[in-house]
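Enquirer:
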């Protein structure tokens, strides 16, 4: 199975070895270790894991209806400069999730994680291009979200607005570090939606223009997104044409030496 997943590329030798080591460890674990390990999985498949990641305010989410209604080309301010009405609370998201009568309601949670390249170092979207693409997609699916899915609103994880940006106060730095420890939740959780904005081409120091598939963080996010989503055909959307989303299972991220060699 490991060979089938990774193929025979030399760059994945350390990854294959790490996977084998992990498999062997699981085979030999005690019952107590098994219970502890499986408890750690719950945060990626249960709604409470997402809500826990919002407790304390280390991460905040944009309110989908607010973003949808802004003028096209709106340039998003960073966290700390957003109006209060731009954010949605964990309590409201809980009510939006739990208040539905759908038989398969547990298959989706009203959170969208946005994976995107920053268009500049100073601002991820200085001309509002990414925001416009998000607004257009929201308009397309809104009737489905509010009707078929029975959401009352949705939360959007967008790093520029959801995490404290530089310069940070000492307290904001602590919040940022705690938020980073939970950041995989938004992308990897089985029941969140993931929208990949893949059209950007970002200048590199050596003069190359790097796209979504050339950047380490975005491809790591892409891998997380595709691992355990319940219904990939409607949970994952590519906004742009830089990647070409397919139904195949993404490969795990390259181990560090192979990654550095390719970038």
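Residue numbers (my numbering): 186 to 448. Virtual Cβ for every residue (Gly too), placed ideally from N, Cα, C. Model, not experiment: these values are computed from the prediction.
Ignoring anything shorter than 4 residues or poking outside the stretch 265 to 337, list the alpha helix (DSSP H) runs there in chain order.
Expert: 275 to 283 and 314 to 328
Enquirer: Does DSSP put residue 214 in a helix, a strand or coil?
Expert: The residue you call residue 214 lines up with position 29 of the chain shown. Residue 214 falls in the coil class under three-state DSSP.
Enquirer: CB-CB under 7 Å to residue 305, same chain, minus the five flanking residues each way: which ones, in chain order?
Expert: Within the chain shown, residue 305 is the residue found at index 120, counting from 1. Counting only Cβ-Cβ distances below 7 Å, and skipping sequence neighbours, we find 311.
Enquirer: May I ask you to report which of helix, strand or coil DSSP gives residue 343?
Expert: Working through the chain shown from its first residue, we reach residue 343 at position 158. Coil at residue 343, not helix or strand.
Enquirer: Using the three-state DSSP reduction, which class does residue 219 fall into: helix, strand or coil?
Expert: Reading the chain shown from its first residue, position 34 is the one you call residue 219. Residue 219 falls in the helix class under three-state DSSP.
Enquirer: Using a Cβ-Cβ cut-off of 6 Å (strictly less than) and excluding sequence neighbours within five positions of residue 413, which residues of its own chain qualify?
Expert: If you number the chain shown from 1, residue 413 lands on position 228. Within the same chain, residue 413 has close Cβ partners 375.
Enquirer: Could you name the residues that DSSP lists as bridge partners for residue 380?
Expert: On the chain shown, residue 380 is found 195 positions in, with the first residue counted as 1. Bridge partners of residue 380: 299 and 422.
Enquirer: Just tell me which of 199, 361 and 313 has its CA closest to the CA of residue 255.
Expert: Position 70 of the chain shown, counted from the first residue, corresponds to residue 255. Among 199, 361 and 313, the Cα nearest to that of residue 255 belongs to 313.
Enquirer: In angstroms with no decimal places, state the Cα-to-Cα distance between residue 201 and residue 416.
Expert: As a position in the chain shown, residue 201 is number 16, starting the count at 1. As a position in the chain shown, residue 416 is number 231, starting the count at 1. Rounded to whole angstroms, residue 201 to residue 416 spans 28 Å at the Cα level.
Enquirer: Assess, as a yes-or-no matter, whether the stretch 215 to 224 is touched by the stretch 292 to 307 under the definition of 3 or more beta carbon pairs within less than 8 Å.
Expert: Fewer than three pairs of CB atoms, one per stretch, sit closer than 8 Å, so the stretch 292 to 307 makes no contact with the stretch 215 to 224.
Enquirer: Taking just the CA atoms, how far does residue 379 sit from residue 241?
Expert: For this step, residue 241 is matched to residue 56 along the chain shown. For this step, residue 379 is matched to residue 194 along the chain shown. Distance between the alpha carbons of residue 241 and residue 379: 24 Å.
Enquirer: Based on Cα-Cα distance, which residue from 403, 377, 217 and 301 lies nearest to residue 150?
Expert: The requested residue 150 does not occur in the structure, where the chain is confined to residues 186 to 448.
Enquirer: Alpha carbon to alpha carbon, what distance is there between residue 215 and residue 394?
Expert: For the purposes of this step, residue 394 is identified with residue 209 of the chain shown, where counting begins at 1. For the purposes of this step, residue 215 is identified with residue 30 of the chain shown, where counting begins at 1. In a straight line, the C-alpha of residue 394 is about 50 Å away from that of residue 215.
Enquirer: Which residue or residues does DSSP assign as beta-bridge partners of residue 355?
Expert: Within the chain shown, the letter at position 170 stands for residue 355. Its beta-bridge partners do not exist; DSSP assigns none.
Enquirer: Alpha carbon to alpha carbon, how far is residue 357 from residue 275? Give it in angstroms, no decimals.
Expert: The count along the chain shown starts at 1 and reaches residue 275 at position 90. The count along the chain shown starts at 1 and reaches residue 357 at position 172. C-alpha separation (whole angstroms): 20 Å.
Enquirer: Taking the DSSP output, what are the residues bridged to residue 248?
Expert: For the purposes of this step, residue 248 is identified with residue 63 of the chain shown, where counting begins at 1. Paired residue(s): 340.
Enquirer: Under the three-state reduction of DSSP, which class applies to residue 208: helix, strand or coil?
Expert: Looking up residue 208 in the chain shown gives position 23. Looking at residue 208 - three-state DSSP - the assignment turns out to be helix.
Enquirer: If we count the other Cβ atoms within 10 Å of its Cβ and call it buried at 16 or more, is residue 320 buried or exposed?
Expert: By one-based count along the chain shown, residue 320 stands at place 135. Buried is the call here.
Enquirer: Is the beta carbon of residue 315 sitting closer than 8 Å to the one on residue 259?
Expert: Locating residue 315 in the chain shown gives position 130, counting from the first residue. Locating residue 259 in the chain shown gives position 74, counting from the first residue. No. Outside cutoff.
Enquirer: In whole angstroms, what is the alpha-carbon distance linking residue 329 and residue 338?
Expert: Locating residue 329 in the chain shown gives position 144, counting from the first residue. Locating residue 338 in the chain shown gives position 153, counting from the first residue. For the pair residue 329 and residue 338, the Cα-to-Cα distance works out to about 11 Å.
Enquirer: Can you list, in chain order, the residues of its chain with a C-beta nearer than 6 Å to that of residue 263? Leave out the 5 residues immediately preceding and following it.
Expert: Taking the first residue of the chain shown as position 1, residue 263 is located at position 78. Counting only Cβ-Cβ distances below 6 Å, and skipping sequence neighbours, we find 345 and 350.
Enquirer: How many angstroms separate the CA atom of residue 298 from the CA atom of residue 353?
Expert: Against the chain shown, residue 298 aligns to sequence position 113. Against the chain shown, residue 353 aligns to sequence position 168. Roughly 23 Å separates the two Cα atoms.
Enquirer: Quick check on DSSP: helix, strand or coil for residue 395?
Expert: Numbered from 1 along the chain shown, position 210 holds the residue referred to as residue 395. It is a strand residue.
Enquirer: Applying the 10 Å Cβ sphere with the 16-neighbour rule, what's the burial state of residue 211?
Expert: On the chain shown, residue 211 is found 26 positions in, with the first residue counted as 1. By the 10 Å Cβ count, residue 211 comes out exposed.
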